[in-house]
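Visitor: Residue numbers (this note's numbering), protein chains in the order written: chain A, 3 to 501; chain U, 3 to 501. We treat Cβ as the ideally placed atom computed from N, Cα and C, and that holds for glycine. Given the structure is predicted, the values throughout are model-derived calculations rather than measurements. One structure, as structure tokens, below. Some questions next.
In structure tokens:
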């Protein structure tokens, strides 16, 4: 077993800027895991000595040592008596359902998220990774028919540049849509965005300068964390309790750190599924009003409620002079992949937001905006969306019934009142990285919890999203996952004793 | 004539962040011009004393003094004997064609670009502001037909979330499209973006950190300048000569400032229309290779060539290991408002660019990508685009013939080899701000040159874009503009003696 003498492909994997990325040891571990999973680094191979690799990559030996330690904790390496670190494969994999053909299309070297995406699409795998609806259980078909009607005849006005705020037809239609959710808003208070993700990005780019503090929930939507990192924000985390963020911690942070912005996702929070109580929303609004800090409210899918009473959004509870930025996308419930959303903002900030929107992509596609305006004109969508919510409620029940039967009792989780995800915390001896590949090989995938933490991720957490999972596979997927967890928990040792 | 005692609406106009905006005196002047044009500040009104307004806005008196001076230079104010500054209207307006109804929809306070957009759409006005094709003289109809065909039947795969790089059908089709322009590229070298604007934004966000230097042409596309400002870049300007940027100045800047990126728009540059010679492209590529600095090449519309020999893009001249980022949109030539483009990048940087793309908007709309792939599958578009270029060549000739006859000889301009714009420099006694509103009232609008400068704008420059102008109005528009320029030049005094 000769030691590896090249750079392990790490130079390429670590190239480019690093703002908004994971810490270096994590990235090195991920790149090594990818190479091991691909068979490019075989079990038994000796990894390069720490100092030699550090010199080759021009980084600190401490960083390499940490990366090797993380690799060991994930089950992919072990220390050898007499020195050196040896590649191994996590060996405690109960059975192999989907052992190949794993993705053929080459991904970028060391790009873990791309590999996860590919794994999730592999044949035979039951995927719990995509937190959005299946096309057949969304209103995509009605939108398709609208688009077909609109494009059936020549119409030049669908193909032109418009002002960055959005097309007038759509801006005129959105207040009625929002009013059904108790939100009063005029066209002058809003911009059309290319999906909710862009709305988050626009607000943060407009408000936050590098080094400024921003409060986010712990855990939070990874797309928000990426936006905050890209802006150079200092992210302050507020723990989520059962009824929403810990307002005591929040008030303390507001006093000590004077953050620029507080970001919340109060309904069916992504990733935890937690819904903030009405009392807490009102208390949060009172804090916002008292301190003057701005609030970013991501409200992705209030329609997907399966139990409990609807709670108004914070924007619905607030007045026009409150510094509340409200984000609503149309992909999570209505039409996946449509890439349209709406951003509501205090009127005085709209000019600045429009500048950022124009800098970002000038405008959202005119024809898509026109089709959404047409789609929203027929209130028949309300009944269809309600029926879709009932179907997802049924799917959530199938999945949670199966999990309740099969998961070991040390697994921590709860059933959210809505949304297309569940949040699990593994038994104490387990680490998600250690079960991800065994689970994929057993034909079930999920989203590791790590990307949902701005810092110090809880390595035991994971998200199961069932929007894309065929209903007849929900129970089988739950069984596969529970089997892997039980099997790994029985034979595992705490990660801290490895390497 | 009592002095104005409120804050002139300036607090609202100056609110929000100010990254990526004009200097404060310019913004104050713009806000005042908007209020004067709207009739909210009438001729003869005395503006607040400099110190009082400075205190109210909590900014330096110097800034207010500069703003008042700029307002005077633009013809909207004059110093009063005995002190004070009085609002006036530029009085030398030869005739009024489009005196009302000026836009009714309220714009944001002090938002000059929004007002310009509204003026350009006013009835009776011949607009030279939009630098993109008219829907009827683009290939929008063919794209519409493709979209209609695609959406005619239920098809779930058009409505889903895809990887951020883009849909496979489109990624597979783009190499063939690019090969027709002499560019060799594989799907792994590219990302689909929401238009060229987003591609510029993604490259700069991925590569440039706040405070880092970036070289841009002087003048440059204002959308690029906005992107660089938003990233906190220190913008270094390289003057444009007749055959492209001054490479002597560039080499000096590269030595002294070690910029992260050099940005060029070598073919039919926006706004000047200048095309970089092949020799200069090769010399620039040699500089890039020698110094290792990255190059961002914006290639918006090489198809729109009306005279001279085609010149290969710098990307076409370069090899796979060169740090060249190449941006191509489909809105400027093919389908206005489609918001799709492609970004070619060195393969090692693609993972980082994909992270930024995902942070920005996750992905571009799936159905639009699918329709573009279908559209590009039928090479019949080549003949249609060639016919469109011939039609625009004819329109450029009509416009430039009329301008040649009518403009005073002190106006500096030239006829570009292609593209949908002309760049003019007014006679020495004139300032664009001074003629913009008189011209609009005489029924002709254009883009002031100011936004195309990162610093120290040349106040005599303006851009005429004729892509949207009906052909029968081109000569009349040229005559109106030339009449305003002649009239104002005859009666004007140098701006430096005002206030």
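Could you pull out every residue in the same chain whose Cβ sits closer than 8 angstroms to the Cβ of residue 86 of chain A, ignoring the five residues on either side in sequence?
Guide: For this step, residue 86 of chain A is matched to residue 84 along the first chain. The residues are 5, 48, 49 and 51.
Visitor: For residue 191 of chain U, which residues in the same chain have their Cβ closer than 6 angstroms to its Cβ, ignoring the five residues on either side in sequence?
Guide: Start at 1 with the first residue of the second chain, and residue 191 of chain U comes out as number 189. So the list reads 346 and 349, once near-sequence residues are dropped.
Visitor: Is it right to say residue 467 of chain A is buried, meaning 16 or more other beta carbons lie within 10 angstroms of its own, or is it exposed?
Guide: Position 465 of the first chain, counting from 1, holds the residue named residue 467 of chain A. With 16 or more other Cβ atoms within 10 Å, it is buried.
Visitor: Pull up the CB-CB distance for residue 216 of chain U and residue 265 of chain U, whole angstroms please, since I reckon it's below 8 angstroms.
Guide: In the second chain, the residue the question calls residue 216 of chain U occupies position 214. In the second chain, the residue the question calls residue 265 of chain U occupies position 263. So it is a contact: roughly 7 angstroms between Cβ atoms.
Visitor: Which residues, in order along the stretch 387-406 of chain A, keep a beta-carbon less than 9 angstroms from a beta-carbon of chain U?
Guide: none
Visitor: What are the residues of the stretch 359-371 of chain U that lie near chain A, defined by any Cβ-Cβ distance shorter than 8 angstroms?
Guide: 360, 361, 362, 363, 364, 365, 366, 367, 368, 369 and 370
Visitor: So who's on the other strand from residue 264 of chain A, going by DSSP bridges?
Guide: As a working mapping, residue 264 of chain A is identified with position 262 in the first chain. Paired residues: A/217 and A/297.
Visitor: Taking residue 161 of chain A as the query, report the chain U residues whose CB atoms sit under 8 angstroms from its CB, ordered along the chain.
Guide: Along the first chain, read from residue 1 onward, the residue named residue 161 of chain A stands at position 159. The answer, in chain order, is 137, 140, 142, 145, 146, 337, 338, 339 and 340.
Visitor: List in chain order: all unbroken beta strand (DSSP E) runs of 3+ residues lying wholly within the stretch 369-439 of chain A.
Guide: 423-427
Visitor: Give me the DSSP bridge partner(s) of residue 448 of chain U.
Guide: Here residue 448 of chain U refers to the residue found at position 446 of the second chain. BP columns for residue 448 of chain U point to U/130.
Visitor: Quick one, which residues of the stretch 167-185 of chain A are near chain U if we go by CB-CB under 7 angstroms, in chain order?
Guide: Listed by position along the chain: nothing, the set is empty.
Visitor: Determine the contact status of residue 195 of chain A and residue 229 of chain U, defining contact as a CB-CB distance below 8 angstroms.
Guide: One-based indexing of the first chain puts residue 195 of chain A at position 193. One-based indexing of the second chain puts residue 229 of chain U at position 227. It is not a contact, given that the beta carbons lie outside the stated cut-off.
Visitor: Does the beta carbon of residue 272 of chain A sit closer than 8 angstroms to a beta carbon anywhere in chain U?
Guide: Numbered from 1 along the first chain, position 270 holds the residue referred to as residue 272 of chain A. Output row for residue 272 of chain A: interface = no.
Visitor: What did DSSP end up calling residue 344 of chain A once you bin it into helix, strand or coil?
Guide: Stepping through the first chain from its first residue, residue 344 of chain A is reached at position 342. Three-state result, residue 344 of chain A: strand.
Visitor: Quickly, what does DSSP pair residue 89 of chain U with across the bridge? List them, please.
Guide: Locating residue 89 of chain U in the second chain gives position 87, where the first residue counts as 1. U/79, per the DSSP bridge assignment.
Visitor: Among A/152, A/275 and A/149, which residue has its Cα nearest to the Cα of residue 245 of chain A?
Guide: To locate residue 245 of chain A, count along the first chain from 1; it is residue 243. Comparing Cα positions, the closest option is A/275.
Visitor: Tell me, please, whether the CB atom of residue 491 of chain A is closer than 8 angstroms to any CB atom in chain U?
Guide: Your numbering for residue 491 of chain A matches position 489 in the first chain. False, the Cβ-Cβ gap to chain U never drops below 8 angstroms.
Visitor: Express the C-alpha separation of residue 428 of chain U and residue 438 of chain U in angstroms, rounding to a whole number.
Guide: Here residue 438 of chain U is taken as the residue at index 436 of the second chain, counted from 1. Here residue 428 of chain U is taken as the residue at index 426 of the second chain, counted from 1. Residue 428 of chain U has its alpha-carbon roughly 12 angstroms from the corresponding atom of residue 438 of chain U.
Visitor: Is residue 43 of chain U close to chain A? Criterion is C-beta to C-beta, closer than 8 angstroms.
Guide: Your numbering for residue 43 of chain U matches position 41 in the second chain. It does not; no Cβ of chain A falls within 8 angstroms.
Visitor: What residue does the alpha helix (DSSP H) around residue 185 of chain U start on, and which one ends it?
Guide: Along the second chain, read from residue 1 onward, the residue named residue 185 of chain U stands at position 183. Premise fails: residue 185 of chain U is in no alpha helix (DSSP H) and is neither H nor E.
Visitor: Quick check: what's the CA-CA separation for residue 61 of chain A versus residue 45 of chain A?
Guide: By 1-based counting over the first chain, the position of residue 61 of chain A is 59. By 1-based counting over the first chain, the position of residue 45 of chain A is 43. Cα-Cα distance, rounded: 26 angstroms.
Visitor: So, does the CB of residue 328 of chain U fall closer than 8 angstroms to a CB anywhere in chain A?
Guide: Against the second chain, residue 328 of chain U aligns to sequence position 326. Chain A, which has no Cβ nearer than 8 angstroms to the Cβ of residue 328 of chain U, makes this no.
Visitor: At a Cβ threshold of 8 angstroms, is residue 215 of chain U touching chain B?
Guide: Of the chains in the structure shown, none is chain B; the protein chains are A and U.
Visitor: So, is residue 482 of chain A buried or exposed, given that buried needs 16 or more other C-beta atoms within 10 angstroms?
Guide: Along the first chain, read from residue 1 onward, the residue named residue 482 of chain A stands at position 480. Flag for residue 482 of chain A reads buried.
Visitor: Going by other Cβ atoms of all chains shown within 10 Å of its Cβ, with 16 needed for buried, is residue 306 of chain A buried or exposed?
Guide: Counting from 1 along the first chain, the entry for residue 306 of chain A is found at position 304. So residue 306 of chain A ends up on the buried side.
Visitor: Residue 197 of chain A versus chain U: which residues are under 8 angstroms apart at the beta carbon?
Guide: Mapped onto the first chain, residue 197 of chain A falls at position 195. What residue 197 of chain A touches in chain U, judged by beta-carbon distance under 8 angstroms, is 363 and 364, going in chain order.
Visitor: In angstroms, rounded to a whole number, what distance separates the CA positions of residue 25 of chain A and residue 232 of chain A?
Guide: For the purposes of this step, residue 25 of chain A is identified with residue 23 of the first chain, where counting begins at 1. For the purposes of this step, residue 232 of chain A is identified with residue 230 of the first chain, where counting begins at 1. So the alpha carbons of these two residues sit roughly 14 angstroms apart.
Visitor: Which stretch, first to last residue, makes up the beta strand (DSSP E) that contains residue 195 of chain U?
Guide: Reading the second chain from its first residue, position 193 is the one you call residue 195 of chain U. Residue 195 of chain U: member of the beta strand (DSSP E) spanning 192-195, first to last residue.
Visitor: Quick one, are the C-beta atoms of residue 280 of chain U and residue 313 of chain U less than 8 angstroms apart?
Guide: As a first step, residue 280 of chain U is located in the second chain; it is residue number 278 there, counting from the start. As a first step, residue 313 of chain U is located in the second chain; it is residue number 311 there, counting from the start. The answer is yes: Cβ separation under 8 angstroms.
Visitor: Taking the beta strand (DSSP E) that residue 229 of chain U belongs to, which residues open and close that run?
Guide: The residue labelled residue 229 of chain U in the question sits at position 227 within the second chain. First-last for residue 229 of chain U: 224-232, but that is the alpha helix (DSSP H), not the beta strand (DSSP E).
Visitor: Tell me which residue opens and which closes the alpha helix (DSSP H) that residue 468 of chain A is part of.
Guide: For the purposes of this step, residue 468 of chain A is identified with residue 466 of the first chain, where counting begins at 1. Unbroken run through residue 468 of chain A: none, as it is neither H nor E.
Visitor: Just the C-alpha distance for residue 256 of chain A and residue 198 of chain A, rounded to the nearest angstrom, thanks.
Guide: The residue labelled residue 256 of chain A in the question sits at position 254 within the first chain. The residue labelled residue 198 of chain A in the question sits at position 196 within the first chain. Those two C-alpha atoms are separated by around 26 angstroms.
Visitor: With DSSP collapsed to three states, give me the class of residue 70 of chain U.
Guide: Walking along the second chain from the start, residue 70 of chain U turns up at place 68. In this structure, residue 70 of chain U counts as helix in the three-state DSSP scheme.
Visitor: Use the C-beta contact count for residue 187 of chain U: other C-beta atoms within 10 angstroms, 16 or more gives buried, fewer gives exposed.
Guide: Within the second chain, residue 187 of chain U is the residue found at index 185, counting from 1. Flag for residue 187 of chain U reads buried.
Visitor: Assuming residue 327 of chain U and residue 205 of chain U make a contact with CB atoms under 8 angstroms, what is their CB distance in whole Å?
Guide: Here the question's residue 327 of chain U lines up with position 325 in the second chain. Here the question's residue 205 of chain U lines up with position 203 in the second chain. Yes, they are in contact, since the Cβ atoms of residue 327 of chain U and residue 205 of chain U sit about 5 angstroms apart, within 8 angstroms.
Visitor: Using a beta-carbon distance cut-off of less than 9 angstroms, what residues from the stretch 223-246 of chain U approach chain A?
Guide: Answer set for the stretch 223-246 of chain U: 225, 228, 229, 231, 232 and 234.
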